[in-house]
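Written out below as structure tokens is the structure these notes cover.
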Amino acid sequence: MEQSTRHDLKIYGVGDATGGEFNEVSINGQGDVNGGVVCARFNLNGEGTVNGPLKAQDGSVLGTTTIKGALEADRFKIFGTARIVGDVSVKDLDIDGTVTVHGGVKSDAINLRGNTKIHGNCTAERFDCKGSFTIDGLLNAGKIDITLYGSTKVKEIGGETIRVRKESGPIANVVNAILEKLDFKQRLETDTIEGDEVSLEYTRAGTVRGNHVRLGDGCEIDLVEYKGTLDQAPGAMVKEAKKV
Amino acid sequence: MDAELISKRDLLELTGISYGQLYRWKRKNLIPEEWFIRKSAFTGQETFFPRERILGRIDRIKNMKDDLSLDDLANMFSPSPTEARLTPDEVVEKGIASRPALEIFLKDEGHVESLTFDMILSAFIVHKALESGEVTIDEARLVMHTLKEHHGRFQGKDFTLLCLRKQGIATCCLASSTADLVFEPGIKIVSRISAGSCTEELKMKLS
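In the order they appear, the protein sequences are chains A and B. According to this note's numbering, the residues represented by the first sequence are 25 to 268, in order. According to this note's numbering, the residues represented by the second sequence are 2 to 208, in order.
Below you can see the structure in the form of structure tokens.
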């Protein structure tokens with residue numbers, strides 16, 4: 025499909041359009057697209073709904089969007105609120121806001137800030153999060169780095185290096201202390217964590233398995249099985265630890 | 002299927018691979034999602050795998066991962082057909098199917114200039130059935146016919162061919178790989194062939 029035969033779709037203000045194949049899709053204001061969209065670039069500033077799947081090379085949403093179908097892209101950034109009623113398959117995914125995915129997420133690199141909810145599984149090579157999220161399925165990623173802001177729930181976590189911690193630093197420490205006092209628990213809750221190098225803080229888990237496991241403050245683990253080493257801080261509560 | 006299972010824990014210990022590797026290979030589709038079987042054990046929920054298949058798969062991955070990229074490996078293991086086409090003579094020359102097995106295929110199909118992957122796979126499965134010594138030529142014809150009729154149902158997914166016999170009467174069936182099948186005691190399972198394993202083997206023969 026030659027790019028030159030595709031047109032752009034641009035909405036300024038309020039408008040509706042039919043879906044289809046485009047070069048550049050740009051919605052500034054409020055726009056609904058009736059049908060799926062295939063395009064090179066997708067830019068939404070404002071509010072927009074795509075009533076079908078969205079496939080793009082590059083995309084960005086600054087505002088609110090609903091995509092009633094799968095989202096597929098090489099690069100996609102969401103700053104704002106998004107609801108995707110389908111699977112997300114984006115190589116480079118950048119989210120800062122509130123995003124709900126009614127499906128699974130498959131990525132190379134995921135960067136999450138804010139509040140994300142994924143109903144299915146989440147798969148990536150790199151998973152970086154400074155925020156809170158809920159994943160109903162399995163988080164399977166090579167390198168996982170989670171800085172907790174609020175309560176985070178994942179069914180299970182598996183990967184190579186897994187790190188869960190709270191933001192630290194003079195201001196962060198004060199904020200964290202206040203939040204704890206107000207009973208806003210900043211915790212990661214999960215059934216199982218399995219990895220090679222696992223380093224956890226403020227994590228409540230049923231089972232943690234790994235080669236080298238470090239458990240820091242705020243950990244509540246029922247069972248730890250480690251192949252190599254276990255480094256348990258005094259502030260970590262472990263019911264049972266086994267070297268396997 | 003009543004195949005023997007191995008726990009994830011035992012698997013890692015036996016193969017010497019790590020959790021990270023297992024999860025990575027799962028991400029890269031080198032180990033199918035269906036092979037991860039959740040069962041309740043006294044320690045809680047535990048994950049099990051079909052023993053023979055997972056051990057074979059991990060062995061292959063370990064042997065080939067230095068020569069091939071993980072994506073290439075994933076292609077090799079997927080049940081989806083490749084673009085390969087062979088003439089009937091080539092199928093025999095490459096040691097994929099014996100002449101008798103191929104004849105059964107051609108008798109049903111008629112003269113074919115070049116066989117698609119699906120056709121080669123059918124001939125290969127029939128060849129395996131005959132090779133086992135447990136299946137007669139007539140039963141093999143039945144298998145061939147069944148494969149032809151219903152192969153499309155399992156497109157992209159793994160399935161198992163079962164040849165059954167009761168009181169001298171032979172029949173066969175195709176079952177999805179996740180099905181649990183239980184037969185009455187009078188039935189004897191004469192041959193059990195996994196299409197997924199055959200696909201893998203065939204892809205290696207063709208590469």
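Where is the CB? At the ideal position from N, CA and C, for every residue including glycine.
Supposed contact pair B:Lys40 and B:Phe49 - C-beta distance, whole angstroms, cut 8 Å: 6 Å
Interface flag, A:Thr5 vs chain B, CB-CB below 8 Å: Residue 5 of chain A is absent from the structure shown; chain A starts at 25 and stops at 268.
B:Glu35, buried or exposed, once every other Cβ within 10 Å from all chains shown has been counted against 16: exposed
Within-8 Å CB hit, A:Asn135 to chain E: In the structure shown, chain E cannot be found, because the protein chains are A and B.
Closer than 7 Å at the beta carbon, the chain A residues around B:Arg28: Thr147, Asn164
Sub-8 Å separation of A:Leu163 and A:Tyr226 beta-carbons: no
Listed by chain order, chain B residues near A:Glu213 by CB distance under 7 Å: Chain B residues near A:Glu213: none, gap ~16 Å exceeds 7 Å.
B:Pro89 burial status per 10 Å Cβ neighbour count (16 or more: buried): buried
Partners in chain B for A:Asp132, counting only beta-carbon separations shorter than 9 Å: Ordered by position in chain B, no residue passes the 9 Å Cβ test against A:Asp132, which lies about 10 Å from the chain.
Test item: CB-CB of A:Ile186 and A:Val222 under 8 Å: yes
Neighbour flag for A:Met25 against chain B, beta carbons, 8 Å: Reliability fails at A:Met25, whose pLDDT of 49 lies under 50, so the model's placement of it is uncertain and no value is given.
Beta-carbon neighbours of B:Ser19, restricted to chain A and to distances below 7 Å: Asp220, Asn235
8 Å Cβ cutoff, B:Met2 in contact with chain A: In this prediction, B:Met2 has a pLDDT of 45, which is less than 50 and means its spatial position is unreliable; what the coordinates show is noted afterwards. Not one chain A Cβ lies under 8 Å of B:Met2.
B:Gln22 (DSSP reduced to helix, strand or coil): helix
For A:Val49 and B:Gln46, the rounded distance between their alpha carbons: 47 Å
Buried versus exposed, by CB contacts within 10 Å (16 or more), A:Ala257: exposed
Buried or exposed (CB count within 10 angstroms, at least 16 for buried), B:Glu140: buried
Segments assigned beta strand (DSSP E), at least 3 residues, entirely inside the stretch 56-136 of chain B: none
Buried or exposed by the 16-neighbour rule on C-beta atoms within 10 Å, applied to A:Lys263: exposed
Cα-Cα separation between B:Met145 and B:Glu91, rounded to whole angstroms: 19 Å
CA-to-CA distance, B:Lys189 to B:Met2, given in whole angstroms: Residue placement at B:Met2 cannot be trusted, given a pLDDT of 45 that sits under 50; what the coordinates show is reported in the next sentence. Distance between the alpha carbons of B:Met2 and B:Lys189 is about 15 Å.
Within 8 Å, strictly: CB atoms of A:Gly104 and A:Thr88: yes
Sheet register partners of A:Lys34 (DSSP bridge): A:Ser50
Those residues which DSSP pairs with A:Val198 across a bridge: Answer by DSSP bridge pairing: none, since A:Val198 is not bridged.
Partners in chain A for B:Arg25, counting only beta-carbon separations shorter than 9 Å: Glu149, Asn164, Gly166, Gly183, Glu184
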